[in-house]
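Undergrad: First residue of the sequence shown: 65, per the numbering used here; consecutive thereafter.
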Amino acid sequence: MNKAIFFFLLSTLLLATGCERDPYPLSLDRFDVRWFDDDHSGTQTPGDALEFLIGMSTTDPDAEDQFITEWEFSYTVNNSFGGILQGDEGIRSNTVTLDAEVAIHNLNVPGPGQFEPGDVIEFRLWAVDNWGTQLEQYHRFVLE
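Okay, structure coming up:
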């Protein structure tokens with residue numbers, strides 16, 4: 065009888081410790097991009113601007129169990145890192161919002177030279193929570 069109780073308790077303990085829940089995902093609530101043809105060329109040029117309206121949040125019903133610890137909004141030019149436009153690390157937040165206007169001609173071009181037609185500027189939103197769950201979203205802007 066003691067062996068049966070021992071095996072029952074051991075099985076219950078193993079089942080209880082082996083059933084961790086999957087972490088809740090991060091939610092990209094809003095990722096709106098608006099193009100401004102500032103130079104009135106009718107095409108996508110370095111004289112233009114983009115407005116990003118971004119919102120992300122945690123999805124765990126208990127706000128104390130999940131929180132965003134780091135995020136960044138960065139860009140690359142032709143797959144070369146250009147820079148971080150905004151971000152934060154060491155935070156403890158359930159929501160992050162960003163309203164950023166980016167003038168293309170104000171971005172740094174990695175390496176020598178300047179923007180040329182055909183250059184690809186890729187904007188990246190990245191965030192991570194306290195469980196290591198990550199969120200990524202991209203927007204590509206190709207110069208014509």
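Idealized CB from N, CA, C, for every residue including glycine. Computed from a predicted structure; not experimentally measured.
Go ahead and pull the three-state DSSP assignment for residue 203.
TA: Note: residue 203 maps to strand in three-state DSSP.
Undergrad: Buried or exposed, going by whether 16 or more other CB atoms sit within 10 Å of the CB of residue 130?
TA: So residue 130 counts as buried.
Undergrad: Could you give the distance in angstroms between the alpha-carbon of residue 143 and the alpha-carbon of residue 188?
TA: Near 12 Å, if we compare the C-alpha coordinates of residue 188 and residue 143.
Undergrad: So, using beta-carbon positions, are residue 132 and residue 118 closer together than 8 Å?
TA: Contact flag unset, no.
Undergrad: What's the C-alpha gap between residue 140 and residue 103?
TA: Straight-line Cα distance between these residues: approximately 23 Å.
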